[in-house]
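Residue numbers (our numbering), protein chains in the order written: chain A, 28 to 413; chain B, 28 to 413.
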């Protein structure tokens, strides 16, 4: 499956023509434009990741985007020098991931999960939820590109018969976006929310694979660990923020008012609609515009303690969800903790993922479905036999 | 401060002679032996980190250690080619950290913290504690070498007057060891506890800086984040496991019996004694031999879900502590949640760290105090003014 990005989005990725080294390209329609051919800067573009280019910062990003836009305007056809059909090349993981942080910024998701997991609590949200963007660090080394199969993890699960070691029986996805840091920052110097565009290069679609039964047993008191660390899938093509300039929306009102370092004046969230497809059936369409905490707020919070940013840092939004079943971002929510079967038509029904299931997340500009932003897909393989 | 490692430990580090590029060295007494001079393999030793060398695996590690041992036996003196005084060179961060995981494997620490933080709970330990090594991912990008100052972090704190943004008033340390992965593993293929020596290159002393007040407010439900991510200090010199062959001890009995993937037959823990000094006064001497979960068990658990190991992955033991105040591993425990002043003599008293305080952790073989294993130190700088 390839995405026809048209000529306006111009996302960046890493690809390998048969028999050649990886290099950086831009996807245009069904073609890929070889930047190591178009721009004579091998230290940036004859590279196996976007990192060196991303580290250069916003003025370089705009300069290169202008050059690519001009080249595309001049007409791009397969067979020209430096132009390939995407289907003829191997597309790779676009970035070398430095640190990976995952947030929890979908308030509908957090509320749904509170109701499902802690029905005895009066408030499904923890007291800190509206005060700060809750987040945690994940495993950078297991971020994989779209198309790589995901092996069902095994682990410790607390069953009615005691603690057992078994393949996860509650394997789930979380529908997310991920933001990629281009320009780094210094240790000890926080980055302001208003400096978001100085550091963040672009956005990817992100699948946060989650083994709910492993998580339920392991997570006290230090949070998720093996339930998440086996794999995180991101889309092949990084959409630069410059491609989203006209596509930002206000997020939900924030009450109580947030602390000053989290205050922003611009529209907070990207106007992105996701589509969660399982075995060919679209199950839900979550909207990123609804997220409680925006990517600029997440960024400002993440380094407010003086932590540095590195080129290649990746941070996920957290599950993008809804109180409406048709826009929820995880099977845990759609099946309401596994209590409701989800109808897949000829493919039967599901609560959680079965072996062989194929997940696809797609994204477009919400207000303009003709502008796709990519996809992330994977097929579930059976757990390794013990 | 430099450590006189003698001639048996032969730890590896990265150093820069004045006016030259960084390269890999071995510390011998007060000298450092330049491996890029001793061994003609620039792709391994004329490098700014140990990673390329560590990735080669155990047979290479032993080969190089043999060559270094022979060179040292022949006599090493300052002024010889490739031999420097440590005091004349700049010693740098020894590894490029891939993923950083921190465990919670000191059962006395976990018990103390449970009593302090959740006095209403009948059992200070969570139900999973004896079933698996609880752990979480930390921030790899803020691992810093010994000697770099630590700026007091500011963050959100839940006070009697509501949520405030302020410098942490409960800045603490956790006394730990860290294990460094040399040889990587494949995604989807778990590593067994018995394969510990095939993958782990060596050990460092680790200070897990912790802002207790920030952590108390942020950690629900996904664990520590900004309370830990501002800095983690490691010692300059990585002690290879080959230097510890005679220094392993049985850990405490594990009841109930652990699952098969966590079972080990050899002595589990390194026989390492740590020393926690604050402003020149030794406060406590925690013993790594007491840790409930061993480094081989931590390793096997960390990747039992199929996660891969990368060269440069670092995992911390968790706080090494005791029920005896003289061997506790954090100020939170020594001051019992800030309720008891800790006497520092002429330097006054403390509950948590004050600006200007200097922390030193040192380690030796417990049964042989003449074999030092390094030190990690830092001075606390005031929070950045808002």
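The beta carbon of each residue, even a glycine, is placed where N, CA and C say it ideally should be. Values in this document were obtained by computation on a predicted structure and should not be read as measured data.
Hey, could you find the ends of the beta strand (DSSP E) residue i is sitting in?
| i | result |
| --- | --- |
| residue 240 of chain A | Per DSSP, residue 240 of chain A belongs to no beta strand (DSSP E); it is in the alpha helix (DSSP H), 239-245. |
| residue 172 of chain A | 170-172 |
| residue 188 of chain A | Counting along the chain, residue 188 of chain A falls outside any beta strand (DSSP E), and DSSP gives it neither H nor E. |
| residue 299 of chain A | 299-305 |
| residue 204 of chain A | 202-208 |
| residue 411 of chain A | That residue, residue 411 of chain A, is in no beta strand (DSSP E); it is neither H nor E in DSSP. |
Taking residue i as part of the alpha helix (DSSP H), name the residues at either end of that continuous run.
| i | result |
| --- | --- |
| residue 226 of chain A | 223-226 |
| residue 96 of chain A | 85-100 |
| residue 347 of chain A | It is not in any alpha helix (DSSP H) - residue 347 of chain A carries neither H nor E in the DSSP assignment. |
| residue 42 of chain A | No alpha helix (DSSP H) contains residue 42 of chain A, which is instead part of the beta strand (DSSP E) from 39-43. |
Within its chain, find whatever has a CB closer than 7 Å to the CB of residue i; leave out the 5 residues flanking it on each side and keep chain order.
| i | result |
| --- | --- |
| residue 141 of chain A | 148, 151, 152 |
| residue 370 of chain A | 376 |
| residue 391 of chain B | 300, 398, 399, 400 |
Which value, in whole angstroms, describes the spacing of the CA atoms of residue i and residue j?
| i | j | result |
| --- | --- | --- |
| residue 40 of chain B | residue 256 of chain B | 24 Å |
| residue 398 of chain A | residue 267 of chain A | 14 Å |
| residue 79 of chain B | residue 373 of chain A | 52 Å |
| residue 241 of chain A | residue 254 of chain A | 5 Å |
| residue 190 of chain A | residue 192 of chain B | 41 Å |
| residue 308 of chain A | residue 269 of chain A | 32 Å |
| residue 143 of chain A | residue 364 of chain A | 6 Å |
| residue 197 of chain A | residue 378 of chain A | 8 Å |
| residue 107 of chain A | residue 60 of chain A | 10 Å |
| residue 387 of chain B | residue 212 of chain B | 34 Å |
| residue 99 of chain B | residue 201 of chain B | 35 Å |
| residue 343 of chain B | residue 233 of chain B | 7 Å |
| residue 97 of chain A | residue 91 of chain A | 10 Å |
| residue 299 of chain A | residue 274 of chain A | 8 Å |
| residue 158 of chain B | residue 246 of chain A | 13 Å |
| residue 104 of chain A | residue 400 of chain A | 21 Å |
| residue 20 of chain A | residue 410 of chain A | In this structure chain A extends from 28 to 413, so residue 20 of chain A is not present and cannot be described. |
| residue 303 of chain B | residue 356 of chain B | 8 Å |
| residue 226 of chain A | residue 219 of chain A | 10 Å |
| residue 133 of chain A | residue 361 of chain A | 15 Å |
So what does DSSP say about residue i, is it helix, strand or coil?
| i | result |
| --- | --- |
| residue 56 of chain A | coil |
| residue 123 of chain B | coil |
| residue 26 of chain A | Outside the displayed range of chain A (28 to 413) lies residue 26 of chain A, so it cannot be described from this structure. |
| residue 319 of chain A | coil |
| residue 69 of chain A | helix |
| residue 280 of chain B | coil |
| residue 135 of chain B | helix |
| residue 308 of chain A | strand |
| residue 296 of chain A | strand |
| residue 376 of chain B | strand |
| residue 181 of chain B | strand |
| residue 1 of chain A | Lying outside 28 to 413, the shown extent of chain A, residue 1 of chain A is not represented and no answer is given. |
| residue 328 of chain B | helix |
| residue 165 of chain B | strand |
| residue 288 of chain B | helix |
| residue 269 of chain A | helix |
| residue 360 of chain B | helix |
| residue 64 of chain A | helix |
| residue 143 of chain B | helix |
| residue 403 of chain A | strand |
For residue i, count the other beta carbons within 10 Å of its own beta carbon; 16 or more makes it buried, fewer makes it exposed. Which is it?
| i | result |
| --- | --- |
| residue 350 of chain B | exposed |
| residue 415 of chain B | It is not possible to answer for residue 415 of chain B, since the shown part of chain B is limited to 28 through 413. |
| residue 170 of chain A | buried |
| residue 180 of chain A | buried |
| residue 94 of chain B | exposed |
| residue 217 of chain A | buried |
| residue 53 of chain A | buried |
| residue 203 of chain A | buried |
To which residues of the same chain is residue i closer than 6 Å at the C-beta, ignoring the five residues directly before and after it?
| i | result |
| --- | --- |
| residue 56 of chain A | 31 |
| residue 63 of chain B | 50, 72, 73 |
| residue 339 of chain A | 78, 122, 123, 124, 125 |
| residue 322 of chain A | 206 |
| residue 271 of chain A | 297 |
So, for residue i: in the same chain, excluding its five sequence neighbours on each side, which residues have a beta-carbon less than 8 Å away from its beta-carbon?
| i | result |
| --- | --- |
| residue 167 of chain B | 124, 125, 126, 127, 341 |
| residue 265 of chain A | 38, 39, 40, 77, 121, 122, 207, 228, 229, 230, 231 |
| residue 334 of chain B | 214 |
| residue 288 of chain A | 217, 219, 220, 327, 328, 331 |
Quick check: does the Cβ of residue i come within less than 7 Å of any heavy atom belonging to the ligand PLP?
| i | result |
| --- | --- |
| residue 304 of chain A | As for the ligand PLP, it is missing from this structure, which has no ligand bound. |
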